[in-house]
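Position 40 of the sequence shown, counted from 1, bears residue number 40 in the numbering used here, the numbering being contiguous throughout.
A virtual CB, placed ideally from N, CA and C, is assigned to each residue, including glycine.
Just so you know, these numbers come straight off a predicted model, no measurement behind them.
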Amino acid sequence: MKERLQTEASSVLDRFPPAPRGPWSGVADADWNDWRWQFRHRIKTAEALAEVVRLTADEARAIREGADRFRLAVTPYYAALMDPDDPACPIRRQGVPGTGELAISPFEMEDPLAEERDMRAPGVTHRYPDRVLFYVSPTCAMYCRHCTRKRKVSRSDTAMTDAEIGQGIAYVRAHPEVRDIVISGGDPLTLDDDRVERIVARLRAIPHVEILRIGTRVPVTLPQRITPGLVARLRAYQPLYVNTHFNHPRECTREAFQACALLADAGFPLGNQMVLLRGVNDDPAVVKALNHRLLMMRVKPYYIYLCDMAQGISHFRTTLAKGLEILESLRGWTSGLAVPYLVVDAPGGGGKIPILPEYVVRREGNRVVLRNYQHREFVYPEPD
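Written out as structure tokens, the structure is:
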């Protein structure tokens, strides 16, 4: 019986192919699977990237001219997922600069969500009544080209000192209305195990803090970072939620599956926050395939974000109508588990606003005419 169950479990894993290694095929397994090796060997220059993909003139120019604004960094693991011959590859577009980054539109903002305006202590943005965002690191395994925090991420001068983190924790301790904390960055899991645990432990020790959440993209860009040792340390501080950021089905590799399995097996609820990106995932079939794969990985599709109005990412932006089209392609056509919220994080710090299709057709007295996902109409009588 046990062997049969193990065979059934492995059949799910078999649907997730291992990531290719590309030019790193000769690297020893012990190195390739070591997150520190991956981090040390991140690609940071056009010359190094040209050994992995055939750089176009536009990509080379974007790397050269945009370096001061937002650096290049891609892990070997994620770079190996890129199509070396296709600059339109959805993985490549997320990690390799394009000339669209060099154009700053008049409506784009350095801090589109007004996080600095609502920062009440170092790293602590307190906007909602009962929860805060806690920025703890400027570093990510990969610097995603659609990043909303380009003003801080990849810049060493925005790193948080231990003293500043202590001030942020003191702010939370002094505000009993705060029951929920999102630990973010950058990526908090680019810190070493000791520092991650120290931050989580100090926040968990505050009596009125109920929920901790870690926002991280390492299951996507550096799944080797999710180690048994890290998971064992963090397991002591439940309830601890992990929100990650898969944008395309090709990111759902065997390595990503195994990283998420380590977290899920230890009791961490997992959610995904996808960003709708032109040329990457602005296709209903792509989003449905992604969400189905995420559910097999025990990751709940949580949000679809429309792009923030950060500087240099207009070439990624889609229309609101495209977001609604994708949402309508999911609701009713697949299980509710695979249907996330479509949201706009309102410019200027207005918070997350859900966007929904209109399902109420009209009202006739106490009769409400509704339409379903197939656009068939039904009458629902309301009580007098």
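Secondary structure of A310 (DSSP, three-state): strand. If you draw a straight line from the Cα of Q224 to the Cα of G185, it is about 19 Å long.
In the structure shown, the three-state DSSP call for A121 is strand. Counting along the chain, M296 sits inside the alpha helix (DSSP H) bounded by residues 284-296.
Each residue's CA atom was taken as its position, placing D118 and R127 some 6 Å apart.
In this structure I326 is buried. Its beta-carbon is surrounded by 16 or more other beta-carbon atoms within 10 angstroms.
Residue pairing by DSSP places F107 in no beta bridge whatsoever.
For S105, the closest of Q311, S137, K352 by C-alpha to C-alpha distance is Q311. Within the model, the alpha-carbon separation for R15 versus A289 is close to 13 Å.
Residue pairing from DSSP places I43 in a beta bridge opposite V74. The shortest CA-to-CA distance from D384 to any of V368, D162, G123, N281 is the one to V368.
D130 and M309 have their C-alpha atoms roughly 26 Å apart. P76 and T56 have their C-alpha atoms some 19 Å from each other.
In the three-state scheme derived from DSSP, where H, G and I count as helix and E and B as strand, L324 is classed as helix. With respect to C252, H146 sits apart: the two C-beta atoms are not nearer than 9 Å.
A346 has G351 as its beta-bridge partners, per DSSP. By the beta-carbon neighbour count (other beta carbons within 10 angstroms, threshold 16), G267 is exposed. In this structure I183 is in contact with I214, their Cβ atoms being roughly 5 Å apart against a cut-off of 8 Å.
In this structure, the alpha-carbon of P269 lies about 8 Å from that of V299.
The beta carbons of G279 and A88 sit closer together than 9 Å. Taking 9 Å as the cut-off, the beta carbon of V275 is found closer than this to the beta carbon of N247. Taking 4 residues as the shortest admissible run, the stretch 150-236 contains the following complete alpha helix (DSSP H) segments, listed from N- to C-terminal end: 162-173, 193-204, 218-221, 228-234.
In this structure, the CA atom of T216 is about 7 Å from the CA atom of H245. Counted as a single uninterrupted DSSP element, the alpha helix (DSSP H) harbouring P90 occupies residues 90-95. A103 sits exposed, since fewer than 16 C-beta atoms from the chains shown fall within 10 Å of its C-beta. When the beta-carbon positions are compared, G271 and P239 stay at least 9 Å from each other.
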